[in-house]
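Note that my numbering gives residue 182 to position 52 of the sequence shown, counting from 1, and the numbers run on in steps of one.
All C-beta atoms in this analysis are idealised placements derived from N, C-alpha and C, irrespective of residue type, glycine included.
Structure first, then comments.
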Amino acid sequence: MVFGKHVRFYRLQRGWTQKNLAEQMEVSESYISKVECGRLHFGDYPSESFICKLAEKLMVDKDELLMLAGKVPLSIRERMQDHPALFRKLGAADDATLVSIEAFLSRGK
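Encoded structure:
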C-alpha cells in the first residue's frame, strides 16, 4: 500500500488524473486505481520494467519507487551479493547507527 500512496502523491504533484497517467503508461485507468489503492492480485503486481517506466513518467527516482514496491534494484542486489556480511550488519543495525551511516555517506557526495 505504501507504493500505491506514493504513486498517487507523485501523480497529483504532476497535476494528472488517473486517466492521464493511464494514457502515459498505456494501461487502463482501473489498473492505475488498483495500483494506488493496493488492490492488485498476485499476478497483477507491476513488473520492474513497469515501475521504471512509471518513475520516468512521474519524474521520480526509479530505485526509490522500486524499493517502495518491495523490489530491490539490480545495482543494490549486486552490491548485496558482493558484500553479504555488510548487508547483514546493516539489517541488524539500530536506527541511530543507520542515520550516522547515511550522514557519513552523504558527506561524500
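- Taking Cβ positions, are residue 170 and residue 162 nearer each other than 8 Å? For this step, residue 170 is matched to residue 40 along the sequence shown. For this step, residue 162 is matched to residue 32 along the sequence shown. 8 Å or more divides the Cβ of residue 170 from the Cβ of residue 162.
- What residue from 140, 215, 223, 235 has the CA that sits closest to residue 181's CA? Counting from 1 along the sequence shown, the entry for residue 181 is found at position 51. The shortest C-alpha separation from residue 181 is found at 140.
- Given a threshold of 16 other Cβ atoms within 10 Å of its Cβ, counted over all protein chains shown, does residue 234 qualify as buried or as exposed? Sequence index remark: in the sequence shown, residue 234 carries index 104 (1-based). When all chains shown are included, residue 234 counts as exposed.
- Item | For residue 161, three-class secondary structure by DSSP | Translated into the one-based positions of the sequence shown, residue 161 becomes position 31. Residue 161 sits in a helix when the DSSP states are folded into three classes.
- With distances taken between CB atoms, is the gap from residue 195 to residue 184 smaller than 8 Å? Locating residue 195 in the sequence shown gives position 65, counting from the first residue. Locating residue 184 in the sequence shown gives position 54, counting from the first residue. The answer is yes: Cβ separation under 8 Å.
- Can you name the start and end residues of the alpha helix (DSSP H) that residue 174 belongs to? Numbered from 1 along the sequence shown, position 44 holds the residue referred to as residue 174. Note, residue 174: premise wrong, no alpha helix (DSSP H); not H, not E.
- CA-to-CA distance, residue 147 to residue 216, given in whole angstroms: Residue 216 sits at position 86 when you count from the first residue of the sequence shown. Residue 147 sits at position 17 when you count from the first residue of the sequence shown. Going from the Cα of residue 216 to the Cα of residue 147 covers about 43 Å.
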